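Residues 1 to 359, numbered by full-length UniProt numbering, are exactly what the sequence shown covers, in order.
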Amino acid sequence: IDVDIPRCHQYCWLLCGSAGHKTLKRLLKAWLLTNPQYVYWQGLDSLTAPFLYLNFCNEARAFACLSAFVPKFLHKFFLKDNSAVIKEYLAKFWQMTAFHEPELATHLHEINFVPELFAIPWFLTMFSHVFPLHKIVHLWDALLVEGPALPLFMGVGILRQLRDTLLSSGFNECILLFSDLPEIDIGECVKESIEMCRSSPRSVSYRRFTNEAEVKDPMDIVEIPMEVLFTEISPRINLSDFFSLICQDKCCVIDIRSNLLYEKSCIDGSINVPYSGVHLGQHELRALGLHPQRVIQEAIKQKKMVVVASAEDETAQLFSDYLVKCCVPRVCILHGGISALLTHVPSLFTVPPKRNGHK
């Protein structure tokens with residue numbers, strides 16, 4: 001703490017003097033004393049600074065703000081062993097990047113420029129370690145209105161502003177770029193982040209380590225083992241969100257089961273692209289056939305979600321990865337697959353006319 005405080009937002013006249021240093025130290029110590037389950041991680045000073053800046057003459061209110069903010073946005077981030085929490089957050093951030101910026105996510109994945117190399121300070125401090133106070137105030141206003149999912153999309157918003165540079169850069173250039181982050185238009189970033197957050201089904205950004213009530217309704221469940229999460233590039237959508245999208249005609253459903261299973265019973269309005277016939281090495285939509293190509297391109301044009309439905313998790317994961325590499329945005333996997341949907345919402349199923357089939 002004593003090392004970090006003299007370096008914390010020292011351009012600010014309120015925080016650069018001895019009074020600011022002493023008050024910030026008191027706030028940090030008070031918070032750690034009242035939260036014995038947590039420890040001091042580098043960056044906690046940056047996280048506390050905006051509340052002190054806004055409530056410099058009211059330490060109690062600054063402390064109350066910090067005490068309310070951490071459980072809502074950084075639940076369990078300051079545990080002594082926070083590795084599982086951080087890993088889950090970065091995995092979901094990467095999924096949201098693939099969801100909204102598939103070409104960029106694919107490029108960064110190919111050059112092995114992973115979120116662990118640049119995004120931990122973003123989320124551990126809710127961006128307060130990387131942006132000046134006047135930008136943080138704007139950004140946090142949006143967080144308080146939109147809720148705890150927004151920071152994931154804020155991260156995507158930053159990458160989107162750097163998109164052209166990143167796409168033309170290799171690993172070393174990316175490292176240099178993030179070591180001295182270019183100027184970010186925070187207003188534009190906030191605007192686009194909110195748009196992405198509001199347009200994304202809630203379940204695709206689901207995290208286990210939050211302070212929210214446990215989900216128990218089978219229609220709302222989307223939780224998977226952590227080791228599975230780390231292998232999936234596309235997020236999962238729960239049955240409830242999927243049903244809502246279907247009713248509003250806001251999704252394109254790709255059923256990757258065999259032609260035989262599809263012709264017995266399928267989701268009304270879905271298209272059949274049997275996984276067994278997909279050449280995963282050909283990252284072009286036309287390789288799927290003329291009809292699937294046209295349907296997917298139309299879905300992209302109309303900004304629909306592209307939902308992969310399968311009988312097996314592994315094939316759904318591999319096919320969704322394939323679509324992301326084809327630069328298809330808004331790709332997600334139906335959690336539980338066809339069998340779960342058939343169990344809970346059988347009314348969505350029909351028998352396709354033989355002559356239309358999957359061709």
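Ideal Cβ positions, reconstructed from N, Cα and C, are used throughout, including at glycine.
Every value quoted in this text rests on a predicted model; they were computed, and no experiment measured them.
Where Thr350 sits in the DSSP three-state scheme:
Three-state result, Thr350: strand.
Would you mind listing the alpha helix (DSSP H) stretches within the stretch 60-122 that are 4+ residues and don't spill past its ends, in chain order?
As for any alpha helix (DSSP H) of minimum length 4 sitting wholly inside the stretch 60-122, the runs are 83-100 and 102-110, ordered along the chain.
Compare the beta carbon distance of Leu152 and Cys197 with 9 Å and say whether it is the shorter of the two.
Yes, the pair counts as a contact, with Cβ atoms nearer than the cut-off.
Does DSSP put Gly357 in a helix, a strand or coil?
Residue confidence for Gly357 is low, a pLDDT of 44 falling below 50, so the modelled location carries little weight; the figure read from the coordinates is stated next. In the three-state scheme derived from DSSP, where H, G and I count as helix and E and B as strand, Gly357 is classed as coil.
CB contact flag (Asp313, Val215, <9 Å)
Taking 9 Å as the Cβ cut-off, Asp313 and Val215 do not qualify as a contacting pair.
Alpha helix (DSSP H) segment containing Val328, residue limits
No alpha helix (DSSP H) holds Val328; DSSP gives it neither H nor E.
Distance, Ala91 Cα to His358 Cα:
Note that His358 has pLDDT 44, beneath the 50 cutoff, so the model's placement of it is unreliable and the number below is only indicative. Each residue's Cα considered, the two are about 34 Å apart.
Look at Asn211 and Val222 and say whether their C-beta atoms are less than 9 Å apart.
No, they are not a contact pair.
Which full runs of the beta strand (DSSP E) of 3+ residues lie inside the stretch 186-259, going along the chain?
Within the stretch 186-259, the complete beta strand (DSSP E) segments at least 3 residues long are 251-255, listed from N- to C-terminus.
With distance defined between alpha-carbon atoms, name the residue in Leu117, Ala287 and Phe113 nearest to Ile86.
If we check each option's Cα against that of Ile86, Leu117 comes out closest.
C-alpha gap between Leu260 and Ala287, whole angstroms:
Near 21 Å, if we compare the C-alpha coordinates of Ala287 and Leu260.
Does the beta-carbon distance from Leu44 to Leu28 come in below 9 Å?
In this structure, Leu44 sits near Leu28, with a CB-CB distance shorter than 9 Å.
Backbone secondary structure at residue 365 - three-state DSSP:
Outside the modelled stretch of the chain, which goes from 1 to 359, sits residue 365, for which no answer is possible.
Exposed or buried, what is Asp180 when buried is set at 16 or more other beta-carbons lying within 10 Å of its beta-carbon?
Counting other Cβ atoms within 10 Å of its Cβ, Asp180 stays below 16 and is therefore classed as exposed.
When you compare the stretch 56-73 with the stretch 95-105, are there three or more beta-carbon pairs, one atom per stretch, that lie closer than 8 Å?
No, the stretch 56-73 is not in contact with the stretch 95-105.
Rounded to the nearest angstrom, what separates Met219 and Val345 at their Cα positions?
Just so you know, the alpha carbons of Met219 and Val345 end up roughly 9 Å apart.
Among the residues of its own chain, which have a CB less than 6 Å from the CB of Asn356, if the five just before and after it don't count?
Low local confidence applies: a pLDDT of 48 at Asn356 is under 50, so the model's placement there is unreliable, with the coordinate-based value given in what follows. Cβ neighbours of Asn356 beyond the five flanking positions: none.
Does DSSP put Ala309 in a helix, a strand or coil?
Here Ala309 sits in strand by DSSP.
C-alpha gap between Thr315 and Val137, whole angstroms
Rounded to the nearest angstrom, the two C-alpha atoms are 44 Å apart.
Cβ-Cβ distance between Val156 and Phe77 below 9 Å:
No; because the gap between Cβ atoms is not below 9 Å, this pair is not in contact.
Does DSSP classify Ser18 as helix, strand or coil?
DSSP places Ser18 in helix when its eight states are reduced to three.
Please report the distance separating the alpha-carbon of Asp249 from that of Leu54.
The alpha-carbon separation between Asp249 and Leu54 amounts to approximately 45 Å.
How should Phe230 be labelled, buried or exposed, when 16 other C-beta atoms within 10 angstroms of its C-beta is the threshold for buried?
Exposed is the call here.
Distance, Cα to Cα, Gln95 vs Gly337?
Cα to Cα, the separation comes out at about 19 Å.
Under 8 Å: do the stretch 287-300 and the stretch 272-279 share three or more Cβ pairs, one atom per stretch?
With the rule of 3 Cβ pairs closer than 8 Å, the stretch 287-300 counts as touching the stretch 272-279.
Under 8 Å by Cβ, that's how I've got Ile254 and Ala309 pegged, so tell me the actual separation to the nearest angstrom.
About 7 Å; that satisfies the 8 Å criterion.
Assumed close pair Val307, Leu323 - CB separation to whole angstroms, cut-off 8 Å
The Cβ separation is near 11 Å, so there is no contact.
For Cys266, which residues does DSSP report across the bridge?
DSSP output for Cys266 lists Thr350 as bridge partner(s).
Beta-carbon proximity of Ala119 to Ser200, cut-off 9 Å:
Ala119 is not a Cβ neighbour of Ser200, given a cutoff of 9 Å.
Three-state class that DSSP yields for Ile271 in the structure shown:
In the structure shown, Ile271 sits in a strand (DSSP, three-state: E or B).
If you reduce the DSSP assignment to three classes, tell me which class Ile338 lands in.
In the structure shown, Ile338 falls within a helical segment according to DSSP collapsed to helix, strand and coil.
What did DSSP end up calling Ile136 once you bin it into helix, strand or coil?
Ile136: helix per DSSP, three-state reduction.
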